[in-house]
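Structure first, commentary second.
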Amino acid sequence: MYSDKVLDHFTNPRNVGEIDDASGVGEVGNMKCGDIMKMYLKINDESNVIEDVTFKTFGCGAAIATSSMSTEMIKGKTIEEALDVTNRAIADALDGLPPVKMHCSVLAEEALKAALLDYQKKSGKNLGLNEEDFEDWDEE
Amino acid sequence: MRKIYLDHGATTPIRSEVIEAMTKTMQDVYGNPSSIHQFGRPARKLMEEAREKVAAAINADPKEIIFTGSGTEADNIAIVGGARANKKKGNHLITTVVEHHAVLDAFKALEKEGFEVTYLEVDAEGFISVEDFKNALRDDTILVSIMHGNNEVGTIMPVAEIGAICRERKILFHTDAVQTVGKIPVDVKAIQCDFLALSGHKIYGPKGIGVLYMRRGVRTQPLYFGGGQERKLRPGTENIVNIVGLGVAIELAVKEMAEESARLTKLRDKLIEGVLGSIPETRLNGPRGDKRLPHNVNISIEYVEGEALILTCDMKGFACSSGSACTSGSLDPSHVLMAMGLTHTTAHGSLRMTLGHATTEEDIDYVINELQPIAERLRAMSPVWERFQKGLPIH
C-alpha cells in the first residue's frame, strides 16, 4: 500500500534527531490519534536560510516518511521557500500516500509551521504566522 | 531472509490434507447436492460426511450443524435472527464490549430496530465478571452473546458459567468460538450454548466457509431467502469444496489439539518472557496461563507506534498485527485494548503475534532477538520516548 519512496524514507529516515541550540522547535499531533511530530530548525538569522533541520516522530510508516521527506525539502531553503511547502507537495514527493494517510502529510506541514512559529516568537521577526492556527498536542 | 508467519489469528495456511481433499472434490464432484441423480448424490454424501465431522468436533448432532459462508455470517444468523425470532418474549440483549465486530455490529443493527443492548465491561485482563452478567439480566432478556476466546488478547471467557445461567432462565446463548475451535476444547453441551459460530480459515481450512451450531428446538429467523438449503437459514447452493475442506480441517484440528496446544503454549510463554525480559517498558496485554489462548501473544512496546512496528518486523521477515489506530482502519486504537483500560499510548504500541503449526522454537528465538533492536530504533526517533526518558508528562 505504500510507495517505494515512502518505504525508503521509513526504513532510512533522513535527519532524525534533536538540535541542542535550535532556533525553533515545533511539536504537533496528539497521543489519541497516535501521531506526534517534533521538528527542530537551525536558522541563519541574517540570511533566513534553514541551515539544519531534524525531526523526531512517534507514528506510523507514513508519519515517519512524511517527516523525513519534509526535512529534506526544506534543508538549505529560506524561510519563505519553506513556508511554501504544502502537505500536497510532501505527499507528491513521496510518490503519493494512501488516502487514509494524507493526514500524516498535513501533520508534517504543521510541524514545520509550528517550528517556524516558535522561531518567529524567539527572533521577533514577523513571518506572518498566527498562534491560533496551532493546537497543543497535549489536548485529548 | 527468513519468512515467519505470526498472524495465525488473522488466518492460517490451508494444510496439505485439506488441499488434497478439496482438489479431489473439485475434480470429481460437481453435482448439486440437492439433485437426486448420480451426479448429485456423491455431493450430498460428501457434505453429510463433513457435517458429521463438524458435529463430532464440538459434541453436537449433525442435524444441529448449518454451513454458512463465514464465521461472520454464522454470528449474524444467530444474533440478528435469534433476536428477531424471539422478539415477542422480550426486548433486551446482552453482549460484551470486546466482541469481534461481526458480533458488535450485529448488535448495533439490532439497536436500530429498537432492541435494548447491555454491553458488559471487562477487567484489565479482558474478562467479564459473571456477577456483572447476573446483574445485567432482566425479565425481558432474550439473547446473550459472549465470545469464547478473544481474538486480540487471547482471554478465554467463562462461557460455561454464562451458559448454565442462560439455560436455567431459558435465555438464548450464543458464543463466537472462531478463535477457540482447535485450540481448546469446545463442547456445546458443556458450554450449554444454543448457538455457536466457527470458521474454516482459522483452523487450516479454506476461507469462505463457516458453521453455525444451532441447538435442536431453538428458533432463529433467516436473513437471506432462496432455496431450502441448510434448513432455510443459509439458502444458496452449498459450497461443497469448502465444506469438504472444513470437514477435514476440523477433524484434524481436534485430533491434534492436545499435543499442538501444549507445544504452542510453551512457545507462547517463551516469546512473552523473552520480549518482556529484553525490552524495557513493555507489558503483556491479556492474561497469563491457561486462561489465555495457547497461540496468542499481545505485547505493548511503549512509546512506539504499532504500524511502524509491523512494517519493521515485516522487513525483518516476520508478520504480525497491531491494535494501533493506523492498523485498525479507524482513528481510534483497538476497542478491546481501550476497554481493558489501556492508555492511547499503550494501545498504539501493541503488537499481536499469533503462533501456529509452522512456528518453531528457532522462530521464537529469532523474533526475540530482532524485536529488541527494532524497538530501540523506533524509540530513538520517538519524541514520546524522549519525554518519558526526561521524566516529562506523556499525556
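Protein sequence lines, in the order shown, are assigned to chains B and G.
For the first sequence, this note's numbering assigns the number 134 to the initial residue and increments by one for each residue that follows.
For the second sequence, this note's numbering assigns the number 39 to the initial residue and increments by one for each residue that follows.
C-beta atoms are modelled at their ideal positions from N, C-alpha and C, and glycine is treated no differently.
By DSSP's assignment, residue 53(G) forms no beta bridge with any residue. Shortest Cα-Cα distance from residue 193(B) to any of 247(B), 254(B), 170(B) and 245(B) involves 170(B). At least one beta carbon of chain B lies nearer than 8 Å to the beta carbon of residue 349(G). In this structure, residue 320(G) sits near residue 338(G), with a CB-CB distance shorter than 8 Å. Only 381, 382, 383 and 386 from the region 373-402 of chain G bring a Cβ to less than 8 Å from some Cβ of chain B. The beta carbon of residue 420(G) sits closer than 8 Å to some beta carbon of chain B. Taken in chain order, the unbroken stretches of beta strand (DSSP E) that lie wholly in the region 165-226 of chain G and span 3 residues or more are 179-183 and 210-214.
Contact note: residue 364(G) reaches chain B through 167 and 193, using a C-beta cutoff of 7 Å and chain order.
Of the candidates 396(G), 293(G), 375(G) and 276(G), the residue whose Cα lies closest to the Cα of residue 73(G) is 276(G). Residue 371(G) has a beta carbon lying within less than 8 Å of a beta carbon in chain B.
Taking 8 Å as the cut-off, the Cβ atoms of residue 187(B) and residue 149(B) count as close. About 6 Å separates the CB atoms of residue 212(G) and residue 117(G); that is less than 8 Å, so the two are in contact.
Scanning 394(G), 372(G) and 391(G) for the CA closest to the CA of residue 384(G) turns up 372(G).
At a cut-off of 8 Å, the C-beta of residue 149(B) has a neighbouring C-beta in chain G.
Taking C-beta atoms under 8 Å as the contact rule, residue 152(B) and residue 252(B) fail to qualify, at a distance of about 12 Å.
By the beta-carbon neighbour count (other beta carbons within 10 angstroms, threshold 16), residue 167(G) is exposed.
With the rule of 3 Cβ pairs closer than 8 Å, the region 215-226 of chain B counts as touching the region 238-252 of chain B.
Here residue 172(B) is bridged, per DSSP, to 159(B) and 188(B).
Per DSSP, residue 248(B) is one residue of the alpha helix (DSSP H) stretching across 235-256. Under the three-pair Cβ rule at 8 Å, the region 231-249 of chain G does not count as touching the region 66-81 of chain G. For residue 353(G), the nearest beta carbon of chain B is closer than 8 Å to its own beta carbon. Here the alpha carbon of residue 107(G) sits roughly 45 Å from the alpha carbon of residue 423(G). Beta-bridge partners assigned by DSSP to residue 251(G): 103(G) and 234(G).
For residue 330(G), the three-state secondary structure derived from DSSP is strand. Residue 344(G) sits close to residue 387(G), with the two beta carbons spaced by under 8 Å. Taking 8 Å as the threshold, the shortest C-beta distance from residue 235(B) to chain G does not fall below it. Taking 7 Å as the upper bound on Cβ-Cβ separation, chain G lies near residues 160, 164, 165, 166, 167, 169 and 171 of the region 152-182 of chain B. The C-beta of residue 315(G) has fewer than 16 other C-beta atoms within 10 Å across all chains shown, which makes the residue exposed. Taking 8 Å as the threshold, the shortest C-beta distance from residue 138(B) to chain G does not fall below it. Under the three-state reduction of DSSP, residue 154(G) is assigned to strand. Distance from the Cα of residue 47(G) is smallest, within the candidate group 283(G), 357(G) and 400(G), for 357(G). Taking residue 249(B) as reference, the option from 157(B), 231(B), 198(B) and 147(B) with the minimal CA-CA separation is 157(B). Looking at the backbone, the Cα of residue 191(B) and that of residue 412(G) are separated by about 14 Å. Taking 7 Å as the upper bound on Cβ-Cβ separation, chain G lies near residues 190, 191, 192, 193, 194 and 197 of the region 190-223 of chain B.
Under the Cβ distance rule, residue 146(B) counts among the residues neighbouring chain G, one pair being separated by less than 8 Å.
Between residue 194(G) and residue 222(G), the C-beta gap is smaller than 8 Å, which places the two residues in contact.
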